[in-house]
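Heads up: the structure comes next, in structure tokens.
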Amino acid sequence: MSLDVKIHSIQTSMILAFAVLIVFTIVTLGVFSYYMVGESLTRNTKENTFQVVGQLNRVIEDYISYMDDIALVVTGAGDVQAHLEATSRGMREGTQALRQRISGFLQSIMSVRKDIESIFLALDDGTVITADPEAQLNPAVDARSQEWYSNSSLNTVRASLSSAHVQHLLKDRYPWVISLSRELRDTRSNLRRGALLVDLNYGIIEKLCSSIQLGKSGYVFIVNAEGDIVYHPRQQLIYSNLKTELIPEAMRAENGTLTALVDGREVLYTVKTSSYTGWTIVGVSYVNELFSNRSQLEYYFVMIGLLCFVTAAIISLFISQRISRPIQSLRGLMQEVERGNFDIDIRVNAANEVADLARDCDIAVKKVRDLMRQIKEEHELKQKQELKALQAQINPHFLYNTLDSIIWMIECGQNDEAVLMTSTLARFFRLGISRGMEIITVKDEIEHLSCYLTIQTMRYKNTLDYRIDVDPAMHPYRSLKLMLQPIVENAIYHGLKNREGPGMITVTGRMDDGKLVFSVCDNGVGMSEEELRRVESEGGSAKGTGGVGIRNVRDRMQLYFGSDSSVTYDSRENIGTTVTLVLPAVRQEGE
Amino acid sequence: MKNRIMFFIVGAALLAALAITAAFQWQVFFPAGLGKKPRVTVIFKTLDWDNFFWRTLKEGVESAAKDCDVDFLIEGPEEEKYIDQQISIVEDAIKQRPAAIVMAATDFNRLVPAAEQIKKSGIRLVEIDSFINSQVADCKIGTDNIRAGGQAGEALVGRIPEGSLVGIISYVKASSTAIDREAGVRGHLGTRVRILNTLYSNSEAGQAYSLCARLIATTPDLDAIVALNLPSTLGAAQALKESGKQDRIVLVSFDSSQDVLEYIEEGVIRDTVVQKPFNMGYLGIRTARELIDGKKIKKQIDTGSVVINKDNMYEPENQKLLFPVVQ
């Protein structure tokens, strides 16, 4: 489990590293370009507004100056001057014809300039000459009382301009105009004799201004030097107090910008004051609209950033997986090997160094596996050969002795005993063969042992006795063929043979905590401590071939039952020896 | 194997680029509603653009639509008297499901069911200029006629001595605006003057002319006449001018037209009370927008009225109310 986590953490840390890199790059680039683009957008918009307002001012200046030229032409015209001179001298005769000629002249001007609403010559004596001789003057109005008339004398170099107003000099006509007026001066006497009025169609100015769009709802307005509105698209709202316009503040800004909070909205005034017309043109743009691109920009940047991040995250996930997955699977395969399974192919699905590593591991594991198999085979072969040799060694020796005893019995006429011994011997061998199986039941092993002990007690009459006390519950469990017999044989030949008086062999068997515990106890000569240690360390007996038998038993127990089996000695000099054999309790199949 | 990874990365990057481009193409990046303006249907009493009042109202609507970021559609019958046509226009407008309807009703009572239908359909309703006999509308925007009547009365009081004899020419007896204006006039005059029985011109200039001519002829001590709408004004002014008593009899009127302005310049009409159609149109749309945005608004808005006379008619703030700009 901990290995899994480790492998995962390789991937995690890779993704994390990728993510940090990607986020850092995207955020840095994004923020930088966002500010750059946003700044330049705002600057461009501001500059653009300034240019638009400046351009409008130039157009209006050009227009007014052109109209002023027309006015100048009219004031200097021969017929006009002649009429002025005549009035100066107080002459009445002939002026009627002059007036008609002037009217015709004015009419010809108006026919080429449709943007001129009307032209009037108002003389100090109350005479008014219009372009249209048919037109009736409004009886309720005296031209001399109008503002343009008096204003005309304020400036002799340039025409004076009114704000937008309704002209009501003519009866039944109420056009919206901007009045341009000039003094009428008799050039001979250099005396003022009246004023010339050129009314410009207000619609022209309105069209010029309303065509200008600043942002989504920005607009342009114009005020004259007195602060009166010349043009404003929302004039009525201002008069109704539904809208505020900071006119004096805007006029103070002259040729610059001004930011202010108007009606709850932040407004940018771009101001251009014309020294020629005296008008102040103000471009009004709403700051939130100037920056409306900016909020859209913000949105784009965030969205693109997110999209890039997601894409990069998926790619990095894929890459890190491509790298970590082969390592992970290699790790898994190696764990399998650790558990002892060498029979696997170590191969990972990758195209990099990990695949090479896996290939090397595969070769190594296969080599180990081959070596291990080789060693195991050699070992087993050796053991089997040894075993067989030992078995072969045991059997002829015992057979020879027994057959010798039988012969002896027959010779002594002890036929019944000879029969018993022979039949016991036969049973002993039948059990010993056991269809060639090494593992037999406890029951068979005990029976085998009792056959052996029967034969031996018959042979050593009066000097050997035995007792077998094995828990019948143990009978169906697995035991090793020829396990107890060599121990007993060893006890008889080494423990009891040298003893004076009758010897006793006690074989017991008990179940203890899932284990089979056998003990073979004799009351023979026993062993000294030194001998016991030697026997324990060598796993065999001190003397003769019997020692080999016991070591063989121990080895076979190890071989067939593993480390759960054991053989232990307990011995005291002149008292006896106890050999304890422990086997794991495993039931014999089929019993 | 290595090539396959490279292919995958390049492929993924291309796919991402494609997705970004596609998102731009299909405007996925625009949040819902961004750049999409609310639709407002404006229903006038008439689409007669020669009429200064309605043309100015339309200008107000156009200006507000630009300022408030609203898409609008102006509809209406050809003439004010086609009430049925306006009702069917309202019904069609409901089917188009605009966010709001701004309506000037041609009839005080007959448009009530249509107005109720508007509200039932979940469309916001703003009434302008002329209202209906119901309170279903979210907001009523127009002239407070009682106040306007009061202004006329106030103008009159300044021009005649106490105890003068005053005649009132109204137009339709049952008209709510006529009732309000008269109430305003009478309320302001109170008992300072003697008021004759109200005459009704039936909104016809000819009728007003004959009524007024008879009034002038039969009432030698008549000091003043108040005419409550444009046809009544025009008839009364003509009668007064013809009688030649314009210096003795003070005529105070309602509404304006070029003729009315000429009468003022001539001194036949002393004062006229004019409404503010631009503001009605502008506030109609602005209020509709505020309703759509869920803002709290006043249920009734008085757009105000102004007393115009010879002295102030060319004031900058009044010129725009009186004279159309012809482009």
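Protein sequences appear in the order of chains A and B.
Heads up: the first sequence begins at 1 in the numbering used here, then just goes up one per residue.
Heads up: the second sequence begins at 1001 in the numbering used here, then just goes up one per residue.
Idealized CB from N, CA, C, for every residue including glycine.
Keep in mind it's a predicted model, so treat the numbers as computed, not measured.
- In the three-state scheme derived from DSSP, where H, G and I count as helix and E and B as strand, LYS1173(B) is classed as coil.
- In the structure shown, CYS521(A) adopts extended strand secondary structure according to DSSP, grouped into three states.
- One alpha carbon belongs to LEU197(A), the other to LEU1215(B), and they sit about 45 angstroms apart.
- With a contact defined as Cβ atoms closer than 8 angstroms, VAL553(A) and MET483(A) qualify at about 6 angstroms.
- The Cβ neighbour count for HIS379(A), taken over all protein chains shown within 10 Å, is under 16; the residue is labelled exposed.
- Three or more beta-carbon pairs drawn from the segment 115–124 of chain A and the segment 199–209 of chain A are found closer than 8 angstroms, and the two stretches are therefore classed as touching.
- At a beta-carbon threshold of 8 angstroms, none of the residues of chain A lie near PHE1108(B); the nearest stands roughly 26 angstroms away.
- Distance between VAL302(A) and THR311(A), taken at the CA atoms: about 14 angstroms.
- In this structure, PHE309(A) is the residue among PHE309(A), PHE318(A), HIS494(A) with its C-alpha nearest to the C-alpha of VAL20(A).
- When the Cα atoms are used, LYS1295(B) and GLN296(A) turn out to be separated by approximately 25 angstroms.
- Using a C-beta cut-off of 8 angstroms, the segment 131–139 of chain A makes no contact with the segment 245–256 of chain A, since fewer than three inter-stretch Cβ pairs fall below that distance.
- Not flagged as an interface residue toward chain B: SER211(A), since no C-beta distance is shorter than 8 angstroms.
- Of all residues in the segment 231–255 of chain A, those with a C-beta nearer than 7 angstroms to a C-beta of chain B are PRO233, ARG234, GLN235, GLN236, LEU237, TYR239, SER240, LEU242, reading in chain order.
- Close partners of GLY305(A) in chain B (Cβ separation under 7 angstroms) are lacking, with about 11 angstroms as the shortest Cβ gap.
- Counting only Cβ-Cβ distances below 7 angstroms, TRP176(A) has contacts in chain B at PHE1323, VAL1325, in chain order.
- Of the other Cβ atoms in all chains shown, fewer than 16 fall within 10 Å of the Cβ of ALA1217(B); this residue is therefore exposed.
- A straight-line Cα-Cα distance of about 36 angstroms links GLY332(A) and ASP555(A).
- Just so you know, the alpha carbons of THR277(A) and PHE1072(B) end up roughly 38 angstroms apart.
- The three-state secondary structure of ILE212(A), taken from DSSP, is coil.
- For ILE229(A), the closest Cβ of chain B is nearer than 8 angstroms.
- Under the 8 angstroms criterion on CB atoms, GLN1275(B) is classed as non-interfacial with respect to chain A.
- The beta carbon of ASP1048(B) does not come within 8 angstroms of any beta carbon belonging to chain A, so the residue lies off that interface.
- For SER153(A), the secondary structure class from DSSP, reduced to helix, strand or coil, is coil.
- LEU1234(B) has a beta carbon lying at 8 angstroms or more from every beta carbon in chain A.
- At a cut-off of 8 angstroms between beta-carbon atoms, THR311(A) makes contact with chain B.
- Residue pairing for MET421(A): DSSP places it in no beta bridge.
- Below 8 angstroms, enough C-beta pairs join the segment 507–523 of chain A and the segment 459–472 of chain A to call them touching: three or more.
- Taking each of GLN81(A), ASN352(A), ILE314(A) in turn and checking the Cα distance to ILE323(A), the smallest one comes out for ASN352(A).
- Measuring C-alpha to C-alpha distances from SER1164(B) to each of ILE1094(B), ALA1178(B), LYS1045(B), ASP1223(B) identifies ASP1223(B) as the nearest.
- For GLY78(A), the enclosing alpha helix (DSSP H) covers residues 78–88.
- Using beta-carbon distances, ASP555(A) does not count as an interface residue toward chain B, since no partner is under 8 angstroms.
- A residue is called buried once 16 or more other Cβ atoms fall within 10 Å of its Cβ, and GLN100(A), having fewer, is exposed.
- Residue pairing for PHE1072(B): DSSP places it in a beta bridge opposite VAL1040(B).
- Taking a cut-off of 8 angstroms for Cβ pairs, the segment 25–33 of chain A and the segment 238–246 of chain A do not touch, as fewer than three such pairs fall below it.
- In summary, GLU266(A) is exposed, with fewer than 16 beta-carbon neighbours lying within 10 Å of its beta-carbon over all protein chains present.
- Here the alpha carbons of ASN44(A) and GLU1265(B) stand approximately 52 angstroms from one another.
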